[in-house]
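Here's the structure we're looking at; comments come further down.
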Amino acid sequence: MNRQVTIKDIAKEAGVSISTVSRVVNSSLPVKKETKEKVLKAIEKLNYYPDSLARSLRVGYTKTIGIIIPNIANPFFATIVRGAEDFLRSKGFSLIICNSDNNIAEEKKLFKTLLEKKVDGILYSGIGDHVENLINRNVKTVFIDRIIKNNKFSYVCSNNYNGMYKLLEYLYNSNHRKFIFISGKKEIFSAAERLRAFQDFANEYKIDFKIYEGEYTHESGISIAKKIKNLPDVVVCANDLLAYGVIEHFKSKGLKVPKDVSVTGYDDIAFSKMFSPPLTTVKQPIYEMGKTAGKMIFTTLSKKIDHIPVKQFENEIIIRESTRRRL
97 MNRQVTIKDI
107 AKEAGVSIST
117 VSRVVNSSLP
127 VKKETKEKVL
137 KAIEKLNYYP
147 DSLARSLRVG
157 YTKTIGIIIP
167 NIANPFFATI
177 VRGAEDFLRS
187 KGFSLIICNS
197 DNNIAEEKKL
207 FKTLLEKKVD
217 GILYSGIGDH
227 VENLINRNVK
237 TVFIDRIIKN
247 NKFSYVCSNN
257 YNGMYKLLEY
267 LYNSNHRKFI
277 FISGKKEIFS
287 AAERLRAFQD
297 FANEYKIDFK
307 IYEGEYTHES
317 GISIAKKIKN
327 LPDVVVCAND
337 LLAYGVIEHF
347 KSKGLKVPKD
357 VSVTGYDDIA
367 FSKMFSPPLT
377 TVKQPIYEMG
387 KTAGKMIFTT
397 LSKKIDHIPV
407 KQFENEIIIR
417 ESTRRRL
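Just remember that the numbering used here sits 96 ahead of the position in the sequence shown, which is counted from 1.
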């Protein structure tokens with residue numbers, strides 16, 4: 097079995113000292129251009145990969161960021177990750193992606209793993225409350241799609257409450273009066289905010305309504321749609337995946353959307369405009385949210401500050417063919 101290439105091997109191949117190779121690898125001190133090129137060629141030839149943990153002990157950073165999300169298979173989180181990764185990569189950082197499946201115990205394990213790997217910071221979109229643990233370890237952290245009232249952290253999200261409320265007002269003004277609302281799990285910040293908007297709207301407008309709680313998944317939409325015995329005017333779903341599942345089940349029963357019932361989503365993930373029928377939804381600037389989170393964690397690290405001002409995006413109502421004005 098071939099042994100792992102070491103910094104000593106690189107120095108020998110390039111004909112330079114070990115300390116010179118170290119300066120090139122860690123960008124710690126200036127190196128002549130021609131010498132640097134020799135070292136880089138040797139690194140490429142021998143397929144050398146620096147030990148990030150050892151480097152962190154020497155220079156104090158690993159140039160890695162961890163991101164904890166519920167599920168990368170959810171297009172919302174896939175786009176969040178893409179935005180964060182694109183920015184961080186441009187700054188020379190790598191991203192370690194961790195899926196928690198909305199499980200608090202799993203989130204705690206993932207935090208432990210990332211801390212053991214000496215990541216420079218953590219981007220976090222989850223349901224658990226690990227704030228005290230993070231403060232104690234002084235880990236630079238940016239919360240995504242949730243608000244943490246703590247001056248140790250930054251957060252980026254969209255205005256879930258206003259986005260949902262505006263959608264409901266549009267539906268009411270289109271003569272929808274009987275509502276079913278399918279929420280995500282209340283432990284999820286965005287789901288709780290969208291549910292709160294619906295409850296406030298229902299109290300304000302005195303509508304006829306029923307609430308179901310599900311998961312942010314296509315399968316959950318199908319499962320809950322099967323429980324609906326009396327059709328409302330509209331089924332309002334807390335995200336697009338739920339709406340896809342609801343529409344799929346209605347179609348299987350011969351119902352037409354929106355002729356028989358309107359259906360709405362939330363997020364405006366990429367497939368929503370191509371779905372049949374194209375989905376009325378609330379558009380979040382998902383990629384920009386991820387990119388902004390990447391910028392925030394980079395800024396806190398590069399400027400050695402605890403946090404930067406919150407960034408909250410406003411959302412846009414997207415009207416498509418899954419809703420209609422009722423007579």
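Backbone N, C-alpha and C define an ideal beta-carbon position, used for all residues, glycine too.
- Its chain contains P166, I223 as the residues whose beta carbon lies nearer than 6 Å to that of N198, once the 5 sequence neighbours on both sides are disregarded; these appear in chain order.
- Going by beta carbons, K325 and I276 fall outside the 8 Å limit.
- Of the residues assessed, L375 falls on the buried side of the cut-off, its CB having 16 or more other CB atoms within 10 angstroms.
- Note on the region 141–202: whole beta strand (DSSP E) runs with a minimum of 3 residues are 160–165, 190–195, in chain order.
- No residue range can be given for S221, since it is assigned to no beta strand (DSSP E) and is classified by DSSP as neither H nor E.
- The beta carbons of V342 and V330 sit about 11 Å from each other, so the pair does not count as a contact at 8 Å.
- Bounds of the beta strand (DSSP E) holding E412 are 412–414.
- Out of T419, I163, N170, the CA that lies nearest to the CA of C194 is found in I163.
- Residue environment: K399 is assigned as exposed (fewer than 16 neighbouring CB atoms within 10 Å of its CB, all protein chains considered).
- Annotated as proximal: T377 and D336, with beta-carbon spacing under 8 Å.
- Counting along the chain, the unbroken alpha helix (DSSP H) around Q295 starts and ends at 285–301.
- Only exposed fits F367, as fewer than 16 other CB atoms lie within 10 angstroms of its CB.
- In the DSSP assignment, I244 falls outside any alpha helix (DSSP H) and carries neither an H nor an E.
- Sequence-distant Cβ neighbours of Y257 in its own chain, meaning closer than 7 Å and more than five residues away, are E289, R292, A293.
- If you compare the alpha carbons of F371, H314, Y220 with that of A169, the shortest gap goes to H314.
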